[in-house]
Amino acid sequence: MSVLENKDDLVVLVDKLNFKEKVERSLDLISEAYKKFGDGLVIANSLGKDSVAVWDLAKRVSPKIRGFIVTTRFKPKETKKFMQETVAKYPEMKVFENNAKIADKLYKTDPDKCCDILKVQPTRWAIKEMKINCWVTGLRCTEGRTRTDFKEVEERDKGLIKLNPILIWKEREVWQYLALYQVGVNPLYKEGYRSLGCEPCTHISSDDDERAGRWIGTSKCGGECGIHTRPLINFNGEGI
Numbered sequence: 217m218s219v220l221e222n223k224d225d226l227v228v229l230v231d232k233l234n235f236k237e238k239v240e241r242s243l244d245l246i247s248e249a250y251k252k253f254g255d256g257l258v259i260a261n262s263l264g265k266d267s268v269a270v271w272d273l274a275k276r277v278s279p280k281i282r283g284f285i286v287t288t289r290f291k292p293k294e295t296k297k298f299m300q301e302t303v304a305k306y307p308e309m310k311v312f313e314n315n316a317k318i319a320d321k322l323y324k325t326d327p328d329k330c331c332d333i334l335k336v337q338p339t340r341w342a343i344k345e346m347k348i349n350c351w352v353t354g355l356r357c358t359e360g361r362t363r364t365d366f367k368e369v370e371e372r373d374k375g376l377i378k379l380n381p382i383l384i385w386k387e388r389e390v391w392q393y394l395a396l397y398q399v400g401v402n403p404l405y406k407e408g409y410r411s412l413g414c415e416p417c418t419h420i421s422s423d424d425d426e427r428a429g430r431w432i433g434t435s436k437c438g439g440e441c442g443i444h445t446r447p448l449i450n451f452n453g454e455g456i
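Numbering (my numbering), first residue to last: 217 to 456.
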């Protein structure tokens with residue numbers, strides 16, 4: 217049976233498969249999806265550790281695979297610099313940004329709306345402009361409380377497949393891969409961050425939950441920006 221159609225218990229696989237087996241499974245998922253979707257398969261790169269691991273895996277499958285980055289006016293300077301270096305190395309990586317005027321400190325007063333305008337909307341643009349029918353993410357089910365119900369292959373938007381090839385990897389296995397394959401990462405990790413986002417909404421946290429440092433002090437604390445939870449192609453209107 218195709219690995220894309222598997223019904224495996226992902227919770228079991230998190231601990232059952234060893235590192236080598238997980239890497240092979242991830243490569244198989246990307247390879248089969250690329251054979252099926254061709255140029256319609258595109259990597260979503262957030263410039264975080266998980267995304268760069270997936271990007272490296274994809275490039276091992278085919279150097280022709282494209283990618284996109286969604287950036288915002290609030291990204292840290294370190295992330296902006298890392299983005300520029302990444303795009304210079306991989307010109308097939310396209311950058312999308314929404315420069316629309318927003319209320320001052322919207323990230324404090326209405327973080328959901330801020331994320332929807334600055335992150336979800338550009339993702340919609342990327343999917344439409346790049347003619348994507350399978351987007352590939354760095355989601356992991358062990359990453360936090362909001363990421364336990366995802367599947368390796370999803371169709372949350374009809375006609376748009378989402379592939380999560382490292383879903384069953386643990387945090388240490390991501391770092392193991394990055395070290396073994398000498399993949400460059402965002403320098404902010406050296407400061408102690410474990411999950412990266414916009415500067416005002418990302419903090420260093422010692423909590424066991426990797427995403428605990430995101431949106432601290434808001435209703436979104438440890439949650440999601442909306443890219444993985446909101447409609448991307450079948451939606452009405454521009455707002456939330």
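A virtual CB, placed ideally from N, CA and C, is assigned to each residue, including glycine.
Host alpha helix (DSSP H) of residue i (start-end)
i: L243; result: 235 to 253
i: M299; result: 293 to 305
i: S218; result: Looking at the DSSP string, S218 is not in any alpha helix (DSSP H), and its letter there is neither H nor E.
i: T325; result: 322 to 325
i: V228; result: 226 to 232
i: T445; result: It is not in any alpha helix (DSSP H) - T445 carries neither H nor E in the DSSP assignment.
i: E345; result: 337 to 345
i: K265; result: 265 to 277
Enclosing beta strand (DSSP E) for residue i [first to last residue]
i: D365; result: That residue, D365, is in no beta strand (DSSP E); it is neither H nor E in DSSP.
i: M309; result: 309 to 312
Nonlocal neighbours in the same chain, by C-beta distance under 6 Å from residue i, ignoring five residues either side
i: N261; result: S267, W271, G283, I285
i: N222; result: none
i: P403; result: E294
i: R446; result: V336
i: T288; result: L334, C414
i: Y306; result: none
Residues of its chain near residue i, where Cβ-Cβ distance is below 8 Å and the 5 sequence neighbours each way are ignored
i: M346; result: V258, R282, F284, K310
i: V239; result: L273, Y393
i: G256; result: K347, I348, N349, C350
i: F290; result: Y323, L334, C414, E415, P416, C417
i: R388; result: none
i: K344; result: I449
Beta-carbon proximity check, residue i vs residue j, cutoff 9 Å
i: N380; j: T353; result: yes
i: W385; j: Y397; result: no
i: S421; j: G413; result: no
i: T325; j: A319; result: yes
i: K296; j: G442; result: no
i: E415; j: P292; result: yes
i: T418; j: Y409; result: yes
i: V219; j: E248; result: yes
i: S411; j: G264; result: yes
i: R276; j: L243; result: yes
i: A269; j: F312; result: no
Cut-off 7 Å between Cβ atoms - residues of its own chain near residue i, not counting five sequence neighbours on either side
i: I456; result: Below a pLDDT of 50, predicted positions are generally treated as unreliable, and I456, at 34, falls in that range; no measurement from the model is reported.
i: K378; result: W351, T353, E370, R372
i: L383; result: L226, L355, R356, C357, F366, E368
i: T339; result: V286, I443, L448
i: E308; result: R282, G283
i: T434; result: P327
i: W278; result: Strictly speaking, residue 278 in this sequence is Ser, with Trp absent from that position. Y250.
i: Q300; result: none
i: K436; result: P327, D328
Cβ of residue i within 9 Å of any chain B Cβ
i: I285; result: In the structure shown, chain B does not exist; there is a single protein chain.
One or two residues paired with residue i in a DSSP bridge
i: R282; result: V258
i: R430; result: T418
Item to check | Entirely enclosed alpha helix (DSSP H) segments - the stretch 350 to 428, minimum 4 residues | outcome: 387 to 396
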